[in-house]
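Take a look at the structure set out below.
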Amino acid sequence: MTLFGATIAANHEIGDVAGWTAAGTVDYTNWASTNNFQVGDRLDFKYNQQFHNVMEVSCQEFESCNSSSPIITYTTGDDTVELSSTGHRYFLCSTPGHCDAGQKLHIFVHCHEDDGAASSDLSPLDHRRNLSPFINTINPFIQLVLWFNVWHMFVQSCFALLF
């Protein structure tokens, strides 16, 4: 995400407060559709390591819930995956029955807007999604300070035009 010319990586907590689970409380396809993943962002998988894991797999393995040849396996219960390149990424839990129950995630990673991607490729809704994780994490006091600074610069420029 870009804010004031600086690129800010987003942390995406998989499944939000529910985390990475097979309990059926999270529709990971729907969850992924509400997020915009960009190079430099991170995926945070939080889960009970006694019952779950995270495997990155190929598209074909994802479609068939086959975990026999994972690209990489995570097992700590608090795993972070760096999104270092554009393209499709596929994740699933290899515990028997979990993937078939919906504990699998497919995302598409976009390049940063200032890395040459045309911002016109994103709809206005995508731009709002881009900013919302950052805006929601800013301390309300800092939001007020930022707003005041923008307002102050506006007032100064208006007076400069008058005099």
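For the sequence shown, the positions run 1187 to 1349 when this note's numbering is used.
The beta-carbon is built from N, C-alpha and C at its ideal position, and this holds for glycine as well.
By Cβ distance, which residues of its chain are closer than 6 Å to GLN1253, with the 5 residues on each side in sequence left out? In the sequence on display, residue 1253 carries Ser and not Gln. Counting only Cβ-Cβ distances below 6 Å, and skipping sequence neighbours, we find MET1241 and SER1280.
For PHE1248, list the residues DSSP reports as bridge partners. Per DSSP, none; premise fails for PHE1248.
Do you know offhand how far VAL1243's Cα is from ILE1257's? Separation of VAL1243 and ILE1257 (C-alpha to C-alpha, rounded to the nearest whole angstrom) is 5 Å.
With burial defined as no fewer than 16 other Cβ atoms inside 10 Å of the residue's Cβ, what is the status of GLN1236: buried or exposed? GLN1236 should be labelled exposed.
CA-to-CA distance, LEU1291 to ASP1227, given in whole angstroms: Straight across, the Cα-Cα distance linking ASP1227 with LEU1291 is about 16 Å.
Keeping to the same chain, check which residues put their C-beta closer than 7 Å to that of VAL1248; ignore five residues upstream and five downstream. First, the residue type needs correcting, since residue 1248 is Phe and not Val in the sequence shown. Once the five neighbours on either side are set aside, the close Cβ partners of PHE1248 are TYR1276, LEU1278, LYS1290 and HIS1292.
Looking at the secondary structure, which residues open and close the alpha helix (DSSP H) in which THR1215 lies? THR1215: member of the alpha helix (DSSP H) spanning 1214-1219, first to last residue.
Give me the DSSP bridge partner(s) of VAL1295. According to the DSSP secondary-structure assignment, VAL1295 is paired through a beta bridge with PHE1223 and GLY1273.
CA-to-CA distance, SER1250 to ALA1287, given in whole angstroms: About 12 Å.
Coarse secondary structure for ASP1202, derived from DSSP in three states: Three-state DSSP puts ASP1202 in a helix.
Which stretch, first to last residue, makes up the beta strand (DSSP E) that contains ASP1264? Counting along the chain, the beta strand (DSSP E) containing ASP1264 begins and ends at 1264-1268.
Using the rule of at least 16 other Cβ atoms within 10 Å of the residue's Cβ for burial, across every protein chain shown, is SER1306 buried or exposed? Confidence is the limiting factor: at SER1306 the pLDDT is only 43, short of 50, which leaves the residue's position unreliable, though a coordinate-based value still follows. The residue in question, SER1306, is exposed, as its Cβ has fewer than 16 Cβ neighbours within 10 Å.
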